[in-house]
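Here is the structure we will look at.
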Amino acid sequence: LMFDIYSPEFTNVCFWYFPPRLKRIPKGFERDQELQKIAPKIKAQMVEEGTAMISYQPCGDKVNFFRMVFSNPATRQADVDYLIDEIERLGKDL
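Here the sequence shown is numbered in our numbering, starting from -19 and rising by one per residue.
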């Protein structure tokens, strides 16, 4: 898993999932064109399988990224781990 982390910290966690094939493409227009398709495809698979619900959106010049809002104080590490595992499982071959 590859993360770009921005400051300051909030309860919103925004991130991209880079499938293995995209990790080999240099940062730039070509990679962004492919990266913007990843979050919508993963979300669609999650909804179809009924495993999870997560938001995605672009922002300014940033292509579609996942956006998780941690507003439930009962959220556990296991919940987050499950979601990350699902993203990796569904996205690894994209």
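In this text, a Cβ means the ideal position worked out from N, Cα and C, and glycines have one as well.
For Met48, the secondary structure class from DSSP, reduced to helix, strand or coil, is strand. For the 8 angstroms CB-CB criterion, Leu15 and Ile34 do not form a contact. In its chain, beyond the 5 residues on either side, Val43 have a beta carbon closer than 8 angstroms to the beta carbon of Asp12. Judged by their CB atoms, Lys72 and Pro(-1) are nearer to each other than the 8 angstroms cut-off. DSSP, read as helix, strand or coil, puts Lys23 in helix.
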